[in-house]
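Single-structure report; data block below.
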Amino acid sequence: MFRWTRYAGAAMALALAAGCGGGDDDDGYVPPPTPKVTGAEGFWAGKASTGYDVALAILDNGDTWGVYARDGVIHGAVHGTTLSADGRLRGSGAQFDLAGNTVASRAYEGTYAMQKDIQIGFGFDAFSGTYSAAYEQPASLAQLAGTYRGMGVSTGAASMPVTLSISANGAVATEPMQGCTAQGSAAPRPGGKNIFDLRIAFAGDACALGHGAIATGVAYYDSGRLMAVGLLPSQIQGFAFLGGK
Numbered sequence: 383m384f385r386w387t388r389y390a391g392a393a394m395a396l397a398l399a400a401g402c403g404g405g406d407d408d409d410g411y412v413p414p415p416t417p418k419v420t421g422a423e424g425f426w427a428g429k430a431s432t433g434y435d436v437a438l439a440i441l442d443n444g445d446t447w448g449v450y451a452r453d454g455v456i457h458g459a460v461h462g463t464t465l466s467a468d469g470r471l472r473g474s475g476a477q478f479d480l481a482g483n484t485v486a487s488r489a490y491e492g493t494y495a496m497q498k499d500i501q502i503g504f505g506f507d508a509f510s511g512t513y514s515a516a517y518e519q520p521a522s523l524a525q526l527a528g529t530y531r532g533m534g535v536s537t538g539a540a541s542m543p544v545t546l547s548i549s550a551n552g553a554v555a556t557e558p559m560q561g562c563t564a565q566g567s568a569a570p571r572p573g574g575k576n577i578f579d580l581r582i583a584f585a586g587d588a589c590a591l592g593h594g595a596i597a598t599g600v601a602y603y604d605s606g607r608l609m610a611v612g613l614l615p616s617q618i619q620g621f622a623f624l625g626g627k
């Protein structure tokens with residue numbers, strides 16, 4: 383089952399202590415600034431009332447991405463725009479049933495305690511999640527780099543095991559998947575938080591999204607776990623991946 387580690391906050395505290403404690407005060411080290419988080423911005427993980435595990439990222443510009451899974455199998459993704467202020471939020475977007483190849487428009491609203499917890503109602507479902515402090519860590523391609531093994535799904539195709547690698551310069555590639563490969567790039571966003579812009583190109587006649595299809599989206603890294611989700615320019619087809627190093 384996909385679940386962001388509950389120890390992410392402790393790991394972050396240990397990392398800060400290691401960087402700031404001890405040593406000579408004149409060593410010239412200047413810790414990177416902590417990016418400012420406002421409103422409902424951040425990474426949220428929790429449960430839907432229908433039993434799905436949900437991972438949701440609300441970016442600094444309100445762009446919202448998420449995936450939902452059950453028993454380790456990805457069932458779908460969401461993409462929309464969220465407005466938030468004074469503990470309340472509202473938004474609209476699309477829900478993608480990836481395996482069923484359907485898209486539904488959704489409006490939603492809810493409440494949040496900044497950097498603590500969030501509740502969102504979609505009319506047919508409700509999501510309750512908690513905040514991950516790892517979102518505030520400065521984006522680092524060096525930390526993101528590695529080989530991830532997990533489950534991936536594209537619109538109209540069944541969920542399948544995927545091995546995905548990211549290099550220290552942000553190059554992304556997958557091992558061949560039943561006659562389909564994917565390559566692309568991950569790059570830090572201008573805000574500097576721990577979430578990356580993602581661009582993936584698919585190659586092979588067996589690719590569910592089609593040979594030459596290019597999807598753009600985001601990747602989020604937290605304590606060895608990776609969420610990646612993207613859409614084609616049509617905004618009605620895409621992919622999602624959940625995995626770990």
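When you line the sequence shown up against the numbering used here, it's residues 383 to 627, in that order.
We put the CB at the ideal spot given by N, CA and C, even for glycine.
Every value quoted in this text rests on a predicted model; they were computed, and no experiment measured them.
Burial state of residue i, where buried means 16 or more other Cβ atoms lie within 10 Å
{"i": "H593", "result": "exposed"}
{"i": "I618", "result": "exposed"}
{"i": "K575", "result": "buried"}
{"i": "S431", "result": "exposed"}
{"i": "R607", "result": "buried"}
Residues of its chain near residue i, where Cβ-Cβ distance is below 8 Å and the 5 sequence neighbours each way are ignored
{"i": "V460", "result": "L438, T446, W447, G448, V449, Y450, G475, A476, Q477, F478 and R488"}
Residue of the options minimising C-alpha distance to residue i
{"i": "G428", "options": "K418, N443, A595 and R452", "result": "R452"}
{"i": "S628", "options": "A610, I596, D604 and V600", "result": "Residue 628 lies beyond the residue range present for the chain, which begins at 383 and ends at 627; the question has no answer from this structure."}
{"i": "C589", "options": "V544, L608, T563 and V436", "result": "T563"}
{"i": "A540", "options": "F425, F509, N483 and Q519", "result": "N483"}
{"i": "Y434", "options": "F509, W426, V485 and G573", "result": "F509"}
{"i": "G492", "options": "N443, P558 and G473", "result": "G473"}
{"i": "A601", "options": "M559, P558, I548 and L614", "result": "I548"}
Other residues of its chain near residue i: CB distance less than 7 Å, five sequence neighbours each side excluded
{"i": "D587", "result": "G561 and H593"}
{"i": "A422", "result": "I440, T464, S466, L471, Y494 and I500"}
C-beta contact flag for residue i and residue j at 9 Å
{"i": "F578", "j": "L526", "result": "yes"}
{"i": "G532", "j": "F623", "result": "yes"}
{"i": "A515", "j": "Q501", "result": "no"}
{"i": "Y517", "j": "G424", "result": "yes"}
{"i": "A524", "j": "A553", "result": "no"}
Cβ-based neighbour list, residue i, same chain, cut-off 6 Å, excluding 5 preceding and 5 following
{"i": "T598", "result": "R581 and G612"}
{"i": "S536", "result": "A590, L591 and F621"}
Rounded Cβ spacing between residue i and residue j (contact assumed at less than 8 Å)
{"i": "A521", "j": "P570", "result": "4 Å"}
{"i": "T556", "j": "V544", "result": "6 Å"}
{"i": "L546", "j": "G625", "result": "7 Å"}
{"i": "G458", "j": "L480", "result": "5 Å"}
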